[in-house]
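Keeping their order, the protein sequence lines are chains G and R.
Under the numbering used here, the very last position in the first sequence is 125; numbers go up by exactly one each time.
Under the numbering used here, the very last position in the second sequence is 125; numbers go up by exactly one each time.
Heads up, the beta-carbon is just placed ideally off N, CA and C, and yes, glycines get one too.
Remember, predicted model here, so these are calculated numbers, not experimental data.
Heads up, the thing below is written out as structure tokens.
Number of protein chains: 2
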Amino acid sequence: MALKEESYKDKKVITIGTVSEITGLSERQIRYYEERKLIFPERTQKGTRKYSFNDIEQLMEIVEKMEEGVQTYEIRKEMLRKEKQLNEKSVREQMIRGQLNAQFGIQKPR
Amino acid sequence: MALKEESYKDKKVITIGTVSEITGLSERQIRYYEERKLIFPERTQKGTRKYSFNDIEQLMEIVEKMEEGVQTYEIRKEMLRKEKQLNEKSVREQMIRGQLNAQFGIQKPR
DNA sequence: CATCTAATGTAAGAAAATATAACAAGAGTG
DNA sequence: CACTCTTGTTATATTTTCTTACATTAGATG
Numbered sequence: 016m017a018l019k020e021e022s023y024k025d026k027k028v029i030t031i032g033t034v035s036e037i038t039g040l041s042e043r044q045i046r047y048y049e050e051r052k053l054i055f056p057e058r059t060q061k062g063t064r065k066y067s068f069n070d071i072e073q074l075m076e077i078v079e080k081m082e083e084g085v086q087t088y089e090i091r092k093e094m095l096r097k098e099k100q101l102n103e104k105s106v107r108e109q110m111i112r113g114q115l116n117a118q119f120g121i122q123k124p125r
Numbered sequence: 016m017a018l019k020e021e022s023y024k025d026k027k028v029i030t031i032g033t034v035s036e037i038t039g040l041s042e043r044q045i046r047y048y049e050e051r052k053l054i055f056p057e058r059t060q061k062g063t064r065k066y067s068f069n070d071i072e073q074l075m076e077i078v079e080k081m082e083e084g085v086q087t088y089e090i091r092k093e094m095l096r097k098e099k100q101l102n103e104k105s106v107r108e109q110m111i112r113g114q115l116n117a118q119f120g121i122q123k124p125r
């Protein structure tokens with residue numbers, strides 16, 4: 016099997032100029048949104064930013080919100096809220112799985 | 016709907032340095048394989064090469080063949096053979112579809 | 001063995017892309 | 001008005017990429 020399709024979306028391989036072309040945002044804007052903690056490119060050793068297709072999708076969403084007049088600060092808050100939700104969900108799921116294992120899981124032989 | 020997952024794989028967005036990192040090939044080698052018509056990056060207006068994940072997979076396959084001692088010329092021939100096969104397949108399919116349309120397709124009212 | 005070819009490394013110099021920092025400016029708000 | 005948010009612009013430095021040319025190595029061939 017080659018690389019999972021999935022992994023392409025998350026792989027940070029795109030430089031800022033290309034991101035700018037695709038999204039229509041200026042490089043200035045892209046760097047600013049990073050400063051406001053809305054996106055998190057990786058860096059090469061020498062400091063060049065690398066983005067993923069996921070980052071680009073994220074930027075598209077940011078554009079929409081900005082056009083609606085939402086400020087970066089609000090967008091960030093919203094992001095944190097969603098993240099927290101996801102965390103809680105996964106914790107809940109883990110707990111449930113824990114319960115199930117406790118009752119029906121592999122038992123120590125005694 | 017966002018961009019189709021599929022499209023990520025074909026989008027030419029990666030610069031040669033990154034391709035080099037991922038594949039382990041030198042930039043020299045990557046450009047040489049292009050010269051031998053094994054890969055076909057796009058170019059920006061100013062001439063910078065852009066590769067897709069597909070190109071990277073292609074390069075991985077090339078690496079394997081080269082390690083087996085296959086020469087670029089042979090690899091190219093093999094590529095052309097496969098391409099031709101695909102073409103013929105699609106032509107056959109189109110002809111079949113054409114036949115079907117002729118017999119059962121939309122008819123002009125008379 | 002003497003050549004040839006294929007594949008790759010390396011170096012030089014130019015051009016393109018990116019990074020950071022600082023200042024400017026418009027829009028909206030208290 | 002004074003302030004903040006967002007973006008543009010400019011300058012300068014660094015990094016990346018491009019092309020071309022020459023060198024080298026290994027294998028194939030006469």
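- DSSP links I77/G through a beta bridge to no other residue.
- From the listed residues I37/R, Y23/R, E36/R and R51/R, the smallest Cα separation to E89/R is found for R51/R.
- With respect to F55/G, K26/R sits apart: the two C-beta atoms are not nearer than 9 Å.
- Against V106/R, chain G offers no close residue; the least beta-carbon distance is about 28 Å (beta-carbon pairs closer than 9 Å).
- Residue environment for L53/G: buried (at least 16 other C-beta atoms within 10 angstroms of its C-beta).
- Taken in chain order, the complete alpha helix (DSSP H) segments of 4 or more residues contained in the stretch 43 to 89 of chain G are 68 to 82.
- If you check each beta-carbon in the stretch 61 to 82 of chain R against every beta-carbon of chain G, the ones closer than 7 Å belong to F68 and E72.
- The alpha carbon of E76/R has as its nearest neighbour, out of G62/R, G39/R and K65/R, the alpha carbon of G39/R.
- Inter-segment contact for the stretch 97 to 113 of chain R and the stretch 60 to 67 of chain R is absent: fewer than three beta-carbon pairs are separated by less than 8 Å.
- Residues of the same chain with a CB within less than 8 Å of the CB of Q73/G, apart from the 5 flanking positions on each side, are L53 and I54 in chain order.
- Taking a beta-carbon distance threshold of 9 Å, T33/R counts as an interface residue toward chain G.
- CA-to-CA, the gap between K24/G and Y23/R works out to about 7 Å.
- For K92/G, not one C-beta of chain R is nearer than 9 Å to its own C-beta.
- Around the Cβ of Y48/G, a 10 Å sphere holds 16 or more other Cβ atoms; the residue is buried.
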